[in-house]
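Have a look at the structure below before the remarks.
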Ligand code: ADP
Ligand code: MG
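In our numbering, the protein residues as written are -9 to 277.
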């Protein structure tokens, strides 16, 4: 049987916009020792803006059009920003054979031509040479029929409460904070440093994230728990692998909300420390 005050804790949490799916997760949360974050959409807004277009052998307008069209079926935050910058309606009859390559980018036929849009890893995979890029944001390369046609720089912003969220975790007894990201080393390290995270692993594919979490699970103390916080875009498997999966509920994907044990309704990472605080208080009342 479940102690009544656990329900009290769940009710209190829900009033703060923290949805806890069961009383057992309150107990798990109260022993949170390692908190692992996804970056995009979790610690950053996941709202990218195109900040530079660097064509190579085509016009700026053409480069942006190719990228936006190839991305037309994707829901990835990068894809949304490219389509917004393009700003025009997309005739989906022009697009075919779409293949989303998680952690790397996308491949599609546009007007019958093969277009690849994504990161360094994707260009390496398809054997396309890219030129040295501006590294101030996330670089999105574009290849047309196996030929490099340029890159687009998009920038994301750190959520306003993210730094506070990390600092608060230390106050509620979390020993280690980690960020896992598929993004480039320079971008990931800059964000981690700005937020005061203990550790960062970059350029990870979704499968690599699961592996990193497995490693971290073996490193925690016997009573401690590992929480993973993500928006679910490519990280639903990690959400279910962690002792406790926490998902962003507003901008996050349905898969994340499904796979998670705790859902933050307003996507604010500072709510994690609040949730742990409530769970610890609830435990004191129970025991
Ligand atoms: P994160 O781990 O930061 O949440 P993802 O795993 O979603 O990021 O993506 C990792 C990287 O893969 C992105 O930074 C980007 O370079 C590339 N990528 C993924 N999806 C797309 C896409 N639809 N279009 C372009 N690039 C993409
Ligand atoms: Mg993500």
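Quick reminder that beta carbons are idealized off the backbone N, C-alpha and C, glycines included.
For residue 28, the enclosing beta strand (DSSP E) covers residues 22 to 28.
For residue 175, the enclosing alpha helix (DSSP H) covers residues 175 to 185.
Taking every protein chain shown into account, the CB of residue 199 has 16 or more other CB atoms within 10 angstroms, so this residue is buried. In this chain, the beta strand (DSSP E) harbouring residue 169 covers 166 to 170. Look at residue 219 here: in three-state DSSP terms it is strand. Closest option to residue 24, judged by alpha-carbon separation, among 222, 274 and 213: 213.
If one requires a minimum length of 3 residues, the beta strand (DSSP E) runs lying completely within the stretch 230 to 265 are 234 to 238 and 252 to 254, in chain order. In summary, residue 208 is exposed, with fewer than 16 beta-carbon neighbours lying within 10 Å of its beta-carbon over all protein chains present.
As computed with DSSP, residue 43 is found in a beta bridge with 142. Straight-line spacing of the CA atoms in residue 38 and residue 131 works out to 15 Å. Relative to the ligand ADP, even the nearest heavy atom lies 7 Å or more away from the CB of residue 26. A distance criterion of 7 Å places the beta-carbon of residue 141 beyond contact range of the ligand ADP, judged by its closest non-hydrogen atom. By the C-beta density criterion, residue 275 is exposed, having fewer than 16 other C-beta atoms within 10 angstroms. The criterion of a C-beta distance shorter than 8 Å is satisfied by residue 185 and residue 33.
The continuous alpha helix (DSSP H) containing residue 198 extends over residues 196 to 209. When Cβ pairs closer than 8 Å are counted between the two stretches, the stretch 168 to 178 is seen not to touch the stretch 70 to 80, the count staying below three. Taking C-beta atoms under 8 Å as the contact rule, residue 231 and residue 162 fail to qualify, at a distance of about 23 Å. Counting along the chain, residue 99 sits inside the beta strand (DSSP E) bounded by residues 95 to 100. The criterion of a C-beta distance shorter than 8 Å is satisfied by residue 16 and residue 269.
Counting only runs of 3 or more residues that sit fully inside the stretch 54 to 108, the beta strand (DSSP E) segments are 85 to 91, 95 to 100 and 103 to 108, in chain order. Cα atoms of residue 35 and residue 148: separation of roughly 6 Å, rounded to the nearest angstrom.
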